[in-house]
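Notes follow the structure.
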Amino acid sequence: MKIREGFVSNSSSTSFIVIGKTGNLNKVTSNDDKIYVDHDTGYKFDWDHTITDDPKGLIAFAWMQAQYQKKPEWVEMIKEVVFETTGCELICSIDITRDGYISCIDHQSAEEDKMFKSKDILKSFIFDKDSYVEMSNDNLEE
106 MKIREGFVSN SSSTSFIVIG KTGNLNKVTS NDDKIYVDHD TGYKFDWDHT
156 ITDDPKGLIA FAWMQAQYQK KPEWVEMIKE VVFETTGCEL ICSIDITRDG
206 YISCIDHQSA EEDKMFKSKD ILKSFIFDKD SYVEMSNDNL EE
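Residue numbers (the numbering used here): 106 to 247.
Here it is as structure tokens:
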């Protein structure tokens with residue numbers, strides 16, 4: 106998967122991420138100086154047609170990418186960027202090893218790393234108002 110303003114396609118799924126460059130950041134509210142991204146919310150980036158543009162959903166996408174690629178340093182980068190941007194501690198309970206694919210990324214889209222090239226790019230990916238992830242596949246009936 107590449108960062109593009111168009112679809113990236115493989116054998117059955119299509120997906121793309123857009124990293125906004127506007128500098129206009131989405132706000133995330135917190136009552137207790139913590140931001141919770143809960144595994145049981147069920148963030149799925151699979152064959153269903155979905156567009157995710159909220160910071161918690163984009164955190165979930167980045168978090169799962171870090172887990173799929175076994176990059177604990179990316180998990181730390183996500184936590185640092187969230188804290189530096191919001192002043193809040195990130196509490197994320199997403200664990201891709203749990204049964205049932207409650208939270209998942211389609212296997213052919215699970216090797217994205219462009220958002221981890223720098224903290225500034227990761228901040229733009231998670232918080233910029235123009236950033237989003239779109240997933241779909243060519244087997245869906247429209």
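Cβ atoms here follow ideal geometry from the backbone N, Cα and C, with glycine treated the same way.
Under the three-state reduction of DSSP, Val186 is assigned to helix. Burial check for Asp218: the Cβ neighbour count within 10 Å stays below 16, so the residue is exposed. In summary, Lys228 is buried, with 16 or more beta-carbon neighbours lying within 10 Å of its beta-carbon over all protein chains present.
Here DSSP, grouped into helix, strand and coil, assigns Asp233 to strand. Of the other Cβ atoms in all chains shown, fewer than 16 fall within 10 Å of the Cβ of Pro177; this residue is therefore exposed. Ile156 is a Cβ neighbour of Tyr237, given a cutoff of 7 angstroms.
Taking a 10 Å sphere around the C-beta of Thr191, we find 16 or more other C-beta atoms and assign the residue as buried. In the three-state reduction of the DSSP assignment, Lys161 falls in the helix class, which pools H, G and I. Listed in chain order, the non-local C-beta contacts of Ser135 below 8 angstroms within the same chain comprise Thr191 and Cys193, local neighbours out to five positions each way being set aside.
In terms of Cβ geometry, Val133 and Cys197 do not form a close pair [threshold 7 angstroms].
Distance from the CA atom of Thr127 to the CA atom of Lys175, rounded to whole angstroms, is 31 angstroms.
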